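Taking it in order: structure first as structure tokens, then the write-up.
Numbering (UniProt numbering), first residue to last: 1 to 129.
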């Protein structure tokens, strides 16, 4: 079984998120999502609209997602890859090159972002209403 892992906050879930998860799942047989906890988001100066528990509940309902694990810090990725026997690490291409150090542990794939949609854009549009 080929295992794939990706990470994110997945707040205000939209079709760009679903597209990323679908394409990540196509890289293997089993998709693990490292979901940023509320505490980790605070360290990154990010505030999710939905709580970690609710974001996890939503992700677990998506057919492409096989498992959701908490992302508590930047440094845990190597341990997650080893602990979960991950073969492929996937991120959006806005992170291109940032995770190349993981190539010592697994394949690293950067997928193109879905054009025309982002959580930042949604939040900006909502604030302008």
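In this text, a Cβ means the ideal position worked out from N, Cα and C, and glycines have one as well. Please read these numbers as outputs of a predicted model, since none were measured by experiment.
**Request:** Please name the residue, chosen from 99, 125, 63, that lies closest to residue 32 on a Cα-to-Cα basis.
**Result:** Taking only the C-alpha atoms, the option nearest residue 32 is 63.
**Item:** Classification of residue 7 by the beta-carbon crowding that lies within 10 angstroms, buried from 16 upward
**Value:** Residue 7 comes out buried.
**Message:** Using 8 angstroms as the cut-off, can you tell me whether the segment 81 to 95 makes contact with the segment 34 to 50, which would need three or more C-beta pairs spanning the two stretches below that distance?
**Reply:** Segments in contact, no.
**Cβ-based burial, residue 39 [other Cβ within 10 Å; buried from 16]** = The residue is exposed, with fewer than 16 neighbouring Cβ atoms inside 10 Å.
**Prompt:** In whole angstroms, what separates the C-alpha of residue 26 from that of residue 124?
**Reply:** If I take the Cα positions, the gap works out to 31 angstroms.
**Message:** Check for me: the beta strand (DSSP E) holding residue 36 runs from which residue to which?
**Reply:** Counting along the chain, the beta strand (DSSP E) containing residue 36 begins and ends at 30 to 36.
**Request:** Count the other C-beta atoms from every protein chain shown that fall within 10 angstroms of the C-beta of residue 24, then say buried if there are 16 or more, exposed otherwise.
**Result:** The residue in question, residue 24, is buried, as its Cβ has 16 or more Cβ neighbours within 10 Å.
**Prompt:** With residue 105 and residue 88 assumed to form a contact (beta carbons below 8 angstroms), what rounded beta-carbon distance in angstroms separates them?
**Reply:** Here residue 105 is actually not in contact with residue 88; their C-beta atoms are around 11 angstroms apart, not less than 8 angstroms.
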